[in-house]
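Working notes for the structure below.
Protein chains: 2
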Amino acid sequence: MILTVTLNTALDITYRTAALTPHATNRVAEVSERPGGKGINVARVLAALGHESVVTGFVGGRTGDALRELLAAEGPGGQPAHAAVSDALVTDALVPIAGTTRRTIAVVDETTGDTTQLNEPGPTVTPAEWAAFLTSYEELAARADAVALCGSLPPGIHVGAYAELVRLARAAGRPVLLDTSGEPLRRGIAARPDLVKPNADELAQLTGSREPLRATRDARRRGGRSVVASLGAAGLLAATPDGSWRAAPPTAVRGNPTGAGDSAVAGLLSGLVERLPWPERLARAVALSAATVLAPAAGEFDREAYADLLPRVAVTEQSSQPEQESHAPRQHR
Amino acid sequence: MILTVTLNTALDITYRTAALTPHATNRVAEVSERPGGKGINVARVLAALGHESVVTGFVGGRTGDALRELLAAEGPGGQPAHAAVSDALVTDALVPIAGTTRRTIAVVDETTGDTTQLNEPGPTVTPAEWAAFLTSYEELAARADAVALCGSLPPGIHVGAYAELVRLARAAGRPVLLDTSGEPLRRGIAARPDLVKPNADELAQLTGSREPLRATRDARRRGGRSVVASLGAAGLLAATPDGSWRAAPPTAVRGNPTGAGDSAVAGLLSGLVERLPWPERLARAVALSAATVLAPAAGEFDREAYADLLPRVAVTEQSSQPEQESHAPRQHR
Numbered sequence: 039m040i041l042t043v044t045l046n047t048a049l050d051i052t053y054r055t056a057a058l059t060p061h062a063t064n065r066v067a068e069v070s071e072r073p074g075g076k077g078i079n080v081a082r083v084l085a086a087l088g089h090e091s092v093v094t095g096f097v098g099g100r101t102g103d104a105l106r107e108l109l110a111a112e113g114p115g116g117q118p119a120h121a122a123v124s125d126a127l128v129t130d131a132l133v134p135i136a137g138t139t140r141r142t143i144a145v146v147d148e149t150t151g152d153t154t155q156l157n158e159p160g161p162t163v164t165p166a167e168w169a170a171f172l173t174s175y176e177e178l179a180a181r182a183d184a185v186a187l188c189g190s191l192p193p194g195i196h197v198g199a200y201a202e203l204v205r206l207a208r209a210a211g212r213p214v215l216l217d218t219s220g221e222p223l224r225r226g227i228a229a230r231p232d233l234v235k236p237n238a239d240e241l242a243q244l245t246g247s248r249e250p251l252r253a254t255r256d257a258r259r260r261g262g263r264s265v266v267a268s269l270g271a272a273g274l275l276a277a278t279p280d281g282s283w284r285a286a287p288p289t290a291v292r293g294n295p296t297g298a299g300d301s302a303v304a305g306l307l308s309g310l311v312e313r314l315p316w317p318e319r320l321a322r323a324v325a326l327s328a329a330t331v332l333a334p335a336a337g338e339f340d341r342e343a344y345a346d347l348l349p350r351v352a353v354t355e356q357s358s359q360p361e362q363e364s365h366a367p368r369q370h371r
Numbered sequence: 039m040i041l042t043v044t045l046n047t048a049l050d051i052t053y054r055t056a057a058l059t060p061h062a063t064n065r066v067a068e069v070s071e072r073p074g075g076k077g078i079n080v081a082r083v084l085a086a087l088g089h090e091s092v093v094t095g096f097v098g099g100r101t102g103d104a105l106r107e108l109l110a111a112e113g114p115g116g117q118p119a120h121a122a123v124s125d126a127l128v129t130d131a132l133v134p135i136a137g138t139t140r141r142t143i144a145v146v147d148e149t150t151g152d153t154t155q156l157n158e159p160g161p162t163v164t165p166a167e168w169a170a171f172l173t174s175y176e177e178l179a180a181r182a183d184a185v186a187l188c189g190s191l192p193p194g195i196h197v198g199a200y201a202e203l204v205r206l207a208r209a210a211g212r213p214v215l216l217d218t219s220g221e222p223l224r225r226g227i228a229a230r231p232d233l234v235k236p237n238a239d240e241l242a243q244l245t246g247s248r249e250p251l252r253a254t255r256d257a258r259r260r261g262g263r264s265v266v267a268s269l270g271a272a273g274l275l276a277a278t279p280d281g282s283w284r285a286a287p288p289t290a291v292r293g294n295p296t297g298a299g300d301s302a303v304a305g306l307l308s309g310l311v312e313r314l315p316w317p318e319r320l321a322r323a324v325a326l327s328a329a330t331v332l333a334p335a336a337g338e339f340d341r342e343a344y345a346d347l348l349p350r351v352a353v354t355e356q357s358s359q360p361e362q363e364s365h366a367p368r369q370h371r
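Quick look at the structure:
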């Protein structure tokens with residue numbers, strides 16, 4: 039079982055409009071809702087890959103009720119009834135809170151295909167709710183083959199929360215992946231997660247460098263045992279104890295990038311649990327990510343495109359310079 | 039008691055953002071929710087003016103539950119606890135349906151002050167639900183001093199629905215106001231409501247004329263016993279059996295026009311029930327409308343501004359030409 043943590047879950051709402059006109063009244067042609075937040079998206083893709091997953095984090099209020107109902111209604115792997123029988127289940131272990139789960143609204147302009155995203159801040163989590171979560175998290179992490187910590191922190195959660203969750207997973211001997219940004223990433227990486235997956239902006243914010251290879255290796259020195267940077271259409275760049283690789287899709291894909299990073303996380307996590315060599319993990323992550331961009335629905339991946347892309351991802355090893363010093367995580371304030 | 043009908047109620051959500059950037063991710067700084075839909079807004083203003091009101095229409099799903107809870111939590115007149123003790127109550131007589139009440143989202147850009155509105159289409163109402171509504175409506179209308187029919191029709195409701203409701207109110211001997219647009223207005227006005235309140239666009243669409251006095255008188259010939267056109271910052275233009283008037287605020291006001299039309303409807307309805315002469319009704323409607331534009335919160339009116347503006351509204355009689363032919367509503371398809 040893989041445990042994914044989404045502290046700031048969301049009811050993801052998609053509005054389709056003929057065209058979004060700012061500062062005017064826009065009629066929404068079509069409304070759809072699904073359970074959201076990065077960890078929930080990761081779990082859905084993991085299940086589609088045949089990995090049982092458990093989602094935890096916080097949920098509350100009417101939007102929280104809607105989220106749980108939609109999560110329970112999803113078939114294995116988050117797919118409708120026709121899904122492959124090999125799909126595994128997503129189990130709801132979300133912790134109830136008094137506050138109300140946030141909404142995110144994606145307004146899809148059908149003329150341009152562009153999306154305007156509106157993200158509510160999320161409920162304030164109380165210290166007692168955080169304590170209840172920690173108790174549940176420790177029990178779940180102890181049973182997990184891997185743990186993924188995903189997304190932003192809701193109001194009320196201390197900025198070192200991910201560092202605390204990384205340490206607890208490591209104390210339980212479980213591999214832990216961290217996918218967040220800003221100060222929670224800076225604090226979390228210092229607690230030495232097994233894997234961090236920043237995008238180019240998050241990596242530049244963390245390290246001060248826009249040169250991906252340099253920044254990725256710097257992130258390792260800050261405490262990430264392995265660092266996989268997502269470089270958008272250019273694919274992934276990985277710096278690991280076993281070496282550094284670039285993995286790129288055969289052609290640049292056009293579509294909706296929503297959820298592409300979450301699919302990459304699912305690819306990396308499943309590869310970790312299956313003990314695949316790094317090049318295979320990276321190829322899977324890149325193919326899943328590109329197949330997510332190509333899928334018509336935001337956050338889902340196109341299974342046929344995935345099968346087609348997987349053998350065609352180019353993985354190339356980077357400078358074999360050992361960089362011994364980077365293997366010993368540096369102490370960091 | 040004044041009965042207001044909102045067939046397409048809404049949970050009105052307001053998002054405050056530092057600046058709305060289309061085709062990007064926007065963080066919402068502040069979220070607020072209130073019961074919405076034109077008839078509910080009208081009832082709130084009526085209550086603030088001391089008139090007991092009853093709201094009916096359809097409500098369903100989690101957003102419908104939220105709407106009812108917020109409606110029940112509102113103090114008299116929709117105001118918080120410090121409200122004037124003279125405020126009257128808004129009573130919930132909404133009819134439950136299987137579908138889910140729509141959301142409307144107003145995204146307020148705090149840099150420009152502009153609002154981008156996103157309106158969901160609303161639930162589909164079944165024939166059985168419409169029949170249940172009609173039974174309830176007839177009972178409520180029979181007890182009402184006046185009836186207001188407000189806003190758009192949800193999917194599933196036949197385009198002649200307002201015409202049907204106008205006829206039922208007239209059969210019960212109750213004065214009825216119609217505030218809608220497009221084909222529902224065209225059909226509804228032919229059923230001879232006592233009052234219609236189109237804005238300039240709705241009036242032009244109905245009559246084909248952009249010349250307000252001509253169009254207003256044409257709308258009377260189509261069946262409206264009295265027609266009050268709202269001309270935005272220019273105020274109101276009324277064509278009635280007693281004569282025609284223009285009513286204009288002392289100065290053009292700047293602010294958020296959301297709900298200004300609903301406040302004008304409340305002013306007209308309260309004046310009708312209080313049997314005020316037309317010039318006083320129009321002055322009240324214009325002052326309420328301008329005080330709504332000036333209020334910081336969308337759809338509320340600034341009570342001090344209302345008291346200040348009311349005696350300063352200029353009401354001028356238009357051409358005293360009797361236009362006898364226009365008093366007899368023409369039969370219309």
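In order, the protein sequence lines correspond to chains A and B. As numbered in the numbering used here, residues 39 to 371 make up the first sequence, in order. As numbered in the numbering used here, residues 39 to 371 make up the second sequence, in order. Built from N, CA and C at the ideal position, the CB exists for glycine as well.
Q: Have a look at E380 of chain B and G309 of chain B and give me their C-alpha separation to the nearest angstrom.
A: Because chain B in this structure spans residues 39 to 371, residue 380 of chain B falls outside the shown range and cannot be described.
Q.
To the nearest angstrom, how far is the alpha carbon of V145 of chain B from that of R181 of chain A?
A. 44 Å
Q: Check the Cβ of I143 of chain A against every Cβ in chain B and list those closer than 8 Å, keeping chain order.
A: I143 and L156
Q) Which residues of chain A have a Cβ atom closer than 7 Å to the Cβ of V66 of chain B, listed in chain order? A) Ordered by position in chain A, the residues that pass the 7 Å Cβ test against V66 of chain B are L156, N157, E158 and P159.
Q) Which runs of the alpha helix (DSSP H), 4 residues or longer, sit entirely within the stretch 206–246 of chain A? A) 220–228 and 238–245
Q) With respect to the beta strand (DSSP E) encompassing I143 of chain A, which residues constitute its N-terminal and C-terminal limits? A) R140 to D147
Q: Report back the beta-carbon spacing between N157 of chain B and Q155 of chain A to the nearest angstrom; my notes put them in contact at under 8 Å.
A: That belief does not hold up - the Cβ atoms of N157 of chain B and Q155 of chain A are roughly 18 Å apart, past 8 Å.
Q | Endpoints, the alpha helix (DSSP H) within which G74 of chain B is located | A | Per DSSP, G74 of chain B belongs to no alpha helix (DSSP H); it is in the beta strand (DSSP E), E68 to G74.
Q) Does R54 of chain A come within less than 8 Å of chain B when only Cβ atoms are used? A) no
(Q) Between L132 of chain B and chain A, is the shortest Cβ-Cβ distance under 8 Å, so that the two count as touching? (A) no
**Q.** P108 of chain A versus T354 of chain A - alpha carbon distance
**A.** Per the sequence shown, residue 108 of chain A should be read as Leu rather than Pro. Each residue's alpha carbon lies about 41 Å from the other.
**Q.** Proximal residues of chain B, C-beta to C-beta of V69 of chain A below 7 Å
**A.** E158
Q) Looking at A126 of chain B and the ligand ATP, is the gap between the Cβ and the nearest heavy atom below 7 Å? A) In terms of ligand content, the structure shown is empty, and the ligand ATP therefore cannot be addressed.
Q | chain B contact residues for L58 of chain A, given Cβ-Cβ distances below 7 Å | A | P60
Q. What span of residues does the alpha helix (DSSP H) with T254 of chain B cover, start to end?
A. P250 to R259
Q: Kindly say whether A125 of chain B, judged by its beta-carbon, lies nearer than 8 Å to any beta-carbon of chain A.
A: Per the sequence shown, residue 125 of chain B should be read as Asp rather than Ala. No, because no Cβ of chain A sits closer than 8 Å to the Cβ of D125 of chain B.
Q) Under 8 Å Cβ-Cβ, which residues of chain B neighbour A104 of chain A? A) R100
Q | Partners in chain B for F280 of chain A, counting only beta-carbon separations shorter than 9 Å | A | Going by the sequence as given, residue 280 of chain A is Asp instead of Phe. Near D280 of chain A there are no residues of chain B at all, since even the closest Cβ is about 35 Å away, more than 9 Å.
**Q.** Euclidean distance between Cα positions of V291 of chain A and P193 of chain A
**A.** 36 Å
Q. Would the beta-carbon of V234 of chain B fall within 8 Å of that of L206 of chain B?
A. no
Q.
Please report the straight-line C-alpha distance between L178 of chain A and L41 of chain A, rounded to a whole angstrom.
A. 7 Å
Q. Can you name, in chain order, every residue of its own chain whose Cβ lies under 6 Å from the Cβ of E167 of chain A, other than the five neighbours on each side?
A. Correct list, in chain order: I135.
Q: Pull up the distance between the alpha-carbon of R341 of chain A and that of L244 of chain B, whole angstroms please.
A: 52 Å
Q) What is the DSSP secondary structure of A86 of chain A, reduced to helix, strand or coil? A) helix
**Q.** 8 Å Cβ cutoff, T218 of chain B in contact with chain A
**A.** no
Q | CA-to-CA distance, N46 of chain B to I51 of chain A, given in whole angstroms | A | Taking the straight line from one Cα to the other gives about 20 Å.
Q) Would H61 of chain B be called buried (16 or more neighbouring beta carbons within 10 Å of its own) or exposed? A) exposed
Q: With 8 Å as the threshold, decide whether the Cβ of D232 of chain A is near any Cβ in chain B.
A: no
Q | T173 of chain A to T94 of chain A span [Cα, whole Å] | A | Roughly 12 Å between the two C-alpha positions.
Q) Are the beta-carbon atoms of L251 of chain A and E240 of chain A separated by less than 8 Å? A) no
Q) Under 8 Å, do G299 of chain A and R284 of chain A count as touching if we go by C-beta distance? A) no
Q) Opposite A286 of chain B in the DSSP bridges: which residues? A) DSSP, once it has assigned bridges, lists B:A352 as partnering A286 of chain B.
Q. How about S301 of chain B and V83 of chain B: do their beta carbons lie closer than 8 Å?
A. yes
Q) Under 8 Å between C-beta atoms, does A122 of chain A make it to chain B? A) Its pLDDT being 47, under 50, A122 of chain A is placed unreliably in this model, and the value from its coordinates should be taken loosely. By this cut-off, A122 of chain A is not an interface position.
Q. Grouping DSSP H, G and I as helix and E and B as strand, with all else coil, what is P60 of chain A?
A. coil
**Q.** Nearest neighbour of V133 of chain B, chosen from B:T149, B:G151 and B:D103 [CA to CA]
**A.** B:D103
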